[in-house]
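K.L.:
Take a look at this one; I'll ask things after.
Residue numbers (the numbering used here), protein chains in the order written: chain A, 84 to 401; chain B, 11 to 271.
Below, the structure written as structure tokens:
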């Protein structure tokens with residue numbers, strides 16, 4: 084393996100969002116933030132304290148929050164509207180579709196507690212459909228950073244990007260390993276590890292699981308390439324095709340359902356352009372349940388061990 | 011327009027013609043020729059009930075936003091005049107898409123906050139239908155606007171009492187609409203929506219009461235299909251296009267529309 088990644092200490096990605104929002108707010112006075120009664124959970128409280136006039140409490144009324152954000156955006160503000168991922172996607176799908184995506188409004192939809200690692204709250208709050216829902220909407224950019232530093236960088240990047248964005252992050256503390264201050268380029272995949280036998284395309288919290296998986300594979304003599312797909316839409320098709328051509332076998336890893344996820348997106352691209360064996364590390368047609376994040380990742384087949392198995396299977400299908 | 015398109019919503023368009031005409035030709039602080047999507051320095055109008063696109067486009071065209079001749083492209087392939095308002099092809103006068111109901115008041119709230127933060131003195135108008143008020147989001151926005159004291163919002167309900175499936179009172183009774191808006195903390199007026207002087211007066215009063223912290227709701231009592239004898243007062247023409255003979259018969263009943271198309 085050509086590079087080791089060091090965990091500089093576990094941190095939650097939502098705190099990276101909160102830090103990014105505060106910094107973005109200091110840079111641009113047009114940035115406003117909206118929240119639907121989850122200010123602490125979204126880590127938006129520092130922004131709210133420093134910019135009380137630019138923080139808009141919406142109460143438990145997400146549909147109105149999305150509409151209000153669209154109105155702010157169309158009139159020149161840069162609104163960041165935050166809630167749990169389920170409540171800013173599934174609950175308000177039609178609002179996001181009509182007044183954000185279709186209307187090209189510069190709204191940043193900020194989705195915390197995404198995926199199964201939300202943990203103990205259980206399936207009502209654990210959306211694993213949100214990437215699919217959001218990436219189906221034309222005009223919408225979909226971003227799913229992997230750690231605290233990258234979430235902060237992504238938040239700063241979308242503040243400067245003109246257009247609607249879905250930014251997905253989570254609740255659990257996970258290894259923080261990407262370089263602090265690394266510039267976030269929307270739509271540009273990052274090769275974390277170079278390899279020759281199989282490519283792992285990972286997104287979000289599962290990027291760290293994939294790093295662990297690549298280390299295990301290396302010990303067994305398998306050279307895995309690891310690419311962080313932090314931007315799911317637009318997908319960095321060039322990076323996917325080049326790596327798949329090099330290794331000839333592909334694993335996708337995401338904290339999401341198979342249906343609508345990044346895996347299907349990559350498999351679709353490869354089917355059209357460069358057919359290769361693809362294995363999905365994702366949840367197949369199930370709702371989640373209460374539990375600790377690490378337990379849930381294991382039980383639902385999303386941890387490093389499952390990525391290792393999938394890699395071997397993909398290689399075996401070459 | 012609706013006849014040429016072969017589909018559309020004439021009923022509600024006719025019930026809101028008077029209140030929109032007074033707004034666009036007498037009350038609104040706008041500049042149709044140099045319209046900006048961000049509404050900077052101007053009043054902003056949001057059509058929440060997007061199916062009222064025929065009257066909306068007509069009023070926009072006749073105010074000078076775009077050529078009247080473009081009305082003939084309504085609902086046709088490639089037109090800027092989509093069945094329901096869209097911003098995708100850049101039609102002046104449309105800030106945000108509408109059609110899926112109940113969303114316009116929320117968008118108006120956002121625009122009103124921008125104006126407040128920027129210290130702009132302009133008004134934000136939004137037109138809704140009474141049937142549309144069955145959507146829960148309308149009441150989320152009602153709470154929000156009152157809570158945040160968005161007193162520059164002047165909302166108008168085209169209270170024609172009809173929706174697609176029949177009279178509102180039978181389909182989903184809204185009860186005492188005036189009491190409801192009052193209870194949500196709005197300054198509410200009931201207005202004769204076909205009396206031009208009364209409509210103008212209601213807009214004036216709403217504007218004059220800026221500073222009282224209350225958003226304004228003008229409940230305009232109207233008739234679906236107003237001024238066209240065979241369309242008036244029935245839900246039958248909510249979403250149905252008249253044929254050629256019916257269109258001729260209707261246009262003859264209004265001296266202003268004699269000779270249209």
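In this text, a Cβ means the ideal position worked out from N, Cα and C, and glycines have one as well. Only a predicted model underlies this, so the values are computations on that prediction, with no experimental measurement involved.
Going by C-alpha distance, which of B:213, B:260 and B:118 is nearest residue 236 of chain B?
P.N.:
The residue with the shortest Cα to Cα distance from residue 236 of chain B is B:260.
K.L.:
Would residue 191 of chain A and residue 221 of chain A be called neighbours here (beta carbons separated by less than 8 angstroms)?
P.N.:
No, the pair does not count as a contact, with Cβ atoms beyond the cut-off.
K.L.:
Would residue 286 of chain A and residue 330 of chain A be called neighbours here (beta carbons separated by less than 8 angstroms)?
P.N.:
Cβ atoms of residue 286 of chain A and residue 330 of chain A: not closer than 8 angstroms.
K.L.:
When you compare the stretch 224-236 of chain B with the stretch 189-201 of chain B, are there three or more beta-carbon pairs, one atom per stretch, that lie closer than 8 angstroms?
P.N.:
Output reads yes: the stretch 189-201 of chain B touches the stretch 224-236 of chain B.
K.L.:
Hey, is residue 99 of chain A close to the ligand ATP, as in C-beta under 7 angstroms from one of its heavy atoms?
P.N.:
Among the components modelled here there is no ligand, and therefore nothing to report on the ligand ATP.
K.L.:
Does the CB of residue 171 of chain A have a neighbour CB from chain B at under 8 angstroms?
P.N.:
It does not; no Cβ of chain B falls within 8 angstroms.
K.L.:
Could you tell me how far apart the beta carbons of residue 254 of chain A and residue 95 of chain A are, in whole angstroms, since I believe they sit closer than 8 angstroms?
P.N.:
Their Cβ separation, rounded to whole angstroms, is 6 angstroms, which keeps residue 254 of chain A and residue 95 of chain A in contact under 8 angstroms.
K.L.:
DSSP state of residue 217 of chain A, grouped into three classes?
P.N.:
Looking at residue 217 of chain A - three-state DSSP - the assignment turns out to be helix.
K.L.:
In the DSSP output, what is residue 199 of chain B paired with across the bridge?
P.N.:
In the DSSP output, where bridge partners are listed per residue, residue 199 of chain B has B:228.
K.L.:
So, do the stretch 258-267 of chain A and the stretch 319-337 of chain A have three or more beta carbon pairs nearer to each other than 8 angstroms?
P.N.:
Too few Cβ pairs lie closer than 8 angstroms, so no.
K.L.:
Going by C-alpha distance, which of B:230, B:126 and B:152 is nearest residue 169 of chain B?
P.N.:
Cα-wise, what sits closest to residue 169 of chain B is B:230.
K.L.:
Nearest to residue 122 of chain A by CA position, among A:142, A:108 and A:103, is which residue?
P.N.:
With distances taken between Cα atoms, residue 122 of chain A lies closest to A:142.
K.L.:
Please go through the same chain and pick out, in chain order, the residues whose beta-carbon is closer than 6 angstroms to the beta-carbon of residue 400 of chain A, but skip the five residues on each side of it.
P.N.:
Only 360 meet the Cβ criterion.
K.L.:
Would you say residue 136 of chain B and residue 163 of chain B are within 8 angstroms of each other, going by their C-beta atoms?
P.N.:
Contact: yes.
K.L.:
Please list, in chain order, the chain A residues whose beta carbon lies closer than 8 angstroms to that of residue 124 of chain B.
P.N.:
Correct list: 154, 155, 158, 159 and 160.
K.L.:
Inspect the CB distances between the stretch 296-313 of chain A and the stretch 373-393 of chain A and report whether three or more fall short of 8 angstroms.
P.N.:
Taking 8 angstroms as the limit for Cβ pairs, the verdict is that the stretch 373-393 of chain A does touch the stretch 296-313 of chain A.
K.L.:
Buried or exposed: where does residue 230 of chain A fall if 16 or more other Cβ atoms within 10 Å of its Cβ makes it buried?
P.N.:
With 16 or more other Cβ atoms within 10 Å, it is buried.
K.L.:
By Cβ distance below 7 angstroms, which residues in the same chain neighbour residue 111 of chain A in space, the five residues on each side in sequence not counted?
P.N.:
So the qualifying residues of the chain are 161 and 242.
K.L.:
For residue 181 of chain B, which option in B:12, B:147 and B:142 has the closest C-alpha, if you only look at C-alpha atoms?
P.N.:
Nearest of B:12, B:147 and B:142 to residue 181 of chain B, Cα basis: B:142.
K.L.:
According to DSSP, is residue 339 of chain A helix, strand or coil?
P.N.:
The answer is strand: DSSP assigns residue 339 of chain A an E or B state.
K.L.:
Can you confirm whether residue 233 of chain A, when its beta carbon is compared against all beta carbons of chain B, has any partner nearer than 8 angstroms?
P.N.:
No, because no Cβ of chain B sits closer than 8 angstroms to the Cβ of residue 233 of chain A.
K.L.:
Could you give the residue range of the beta strand (DSSP E) that holds residue 167 of chain B?
P.N.:
163-169 is the span of the beta strand (DSSP E), which, as asked, contains residue 167 of chain B.
K.L.:
Of the residues that make up the stretch 284-314 of chain A, which ones have a beta carbon closer than 8 angstroms to any beta carbon in chain B?
P.N.:
Listed in sequence order: no entries.
K.L.:
Give me the subset of the stretch 71-94 of chain B whose CB atoms are less than 8 angstroms from a CB atom of chain A, sorted by chain position.
P.N.:
Those would be none; no residue qualifies.
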